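Let me begin by presenting the structure, written as structure tokens, before commenting on it.
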Amino acid sequence: MKKMKTENGAVSDVIGTIILLGITIALFSVLSGIILSYPFTPSPPTVNLISAIDEDEIIIEHNGGENIGLDTKIVIMLNSSKEEFKAGDHLDQNAKENGFWNLGEKVIFNVTTDSVVPYSDYENRTIKVTVLDKTSQSILMMGVIQEGFK
């Protein structure tokens, strides 16, 4: 018997290397897609906030959920006027001791003393409240607490 010699014996090594490179590239693509799609910003805290108006005070109460930082931004809109402040600016001193806005604590914004808009302008006007979390850059609460006529 005569042995047949082939001159393309290294072809299987080249094909095997190409297949191995293809598998590696596909695996890397899948892993990088999974890793890069993961959000790197922190998720917003789960919190229940209640807002109300009591005569000349706008009250926002923490009614459950996670603690919120004192640097949480609160925006009060009166038609075209806007008041912005941090939650820690309007909490009482006892509430500020632990560095958080906790369950049962209230942010009280007095429209007669804290606002640049005269109190008489608040009557029968639409008042909107927005609470923004600085850490996660998300809205924790947004709503109309008084529907106005003017």
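Residues 0 to 149 (numbering that gives the first Met the number 0) are what the sequence shown spells out, left to right.
C-beta: ideal position from N, C-alpha, C; glycine also.
Computed from a predicted structure; not experimentally measured.
Distance between beta carbons of residue j and residue i, contact taken as under 8 Å
i, j, result
"V29", "L139", "With a Cβ gap of about 36 Å, V29 and L139 do not count as contacting."
Residues near residue i in its chain [Cβ-Cβ closer than 6 Å; skip 5 each side]
i, result
"S137", "P43"
"K127", "M76, V143"
"K105", "I58, E60"
"I14", "none"
Contact check, residue i vs residue j, beta carbons under 8 Å
i, j, result
"D53", "T111", "no"
"T129", "E146", "no"
"T86", "I107", "Here residue 86 turns out to be Ala, not Thr, going by the sequence shown. Not closer than 8 Å, so no."
"L131", "T40", "no"
Nonlocal neighbours in the same chain, by C-beta distance under 7 Å from residue i, ignoring five residues either side
i, result
"G98", "L69"
Distance cut-off 7 Å: residue i Cβ against heavy atoms of the ligand FAD
i, result
"V130", "No copy of the ligand FAD occurs in the structure displayed, which carries no ligand at all."
Reference residue i, options the options, closest by Cα
i, options, result
"N66", "S80, A94, G32", "A94"
"I59", "D91, P41, G21", "D91"
"G63", "N101, I24, G21, I22", "N101"
"H61", "G103, L20, K133", "G103"
"I57", "S36, H89, P38", "H89"
Own chain residues within Cβ distance below 8 Å of residue i, not counting five before or after
i, result
"K81", "V74, I75"
"M141", "K127, V128, T129, V130"
"S135", "T40, P41, S42, P43, P44"
"S50", "I57, I58, I59, E60, V128, M140, G142, I144"
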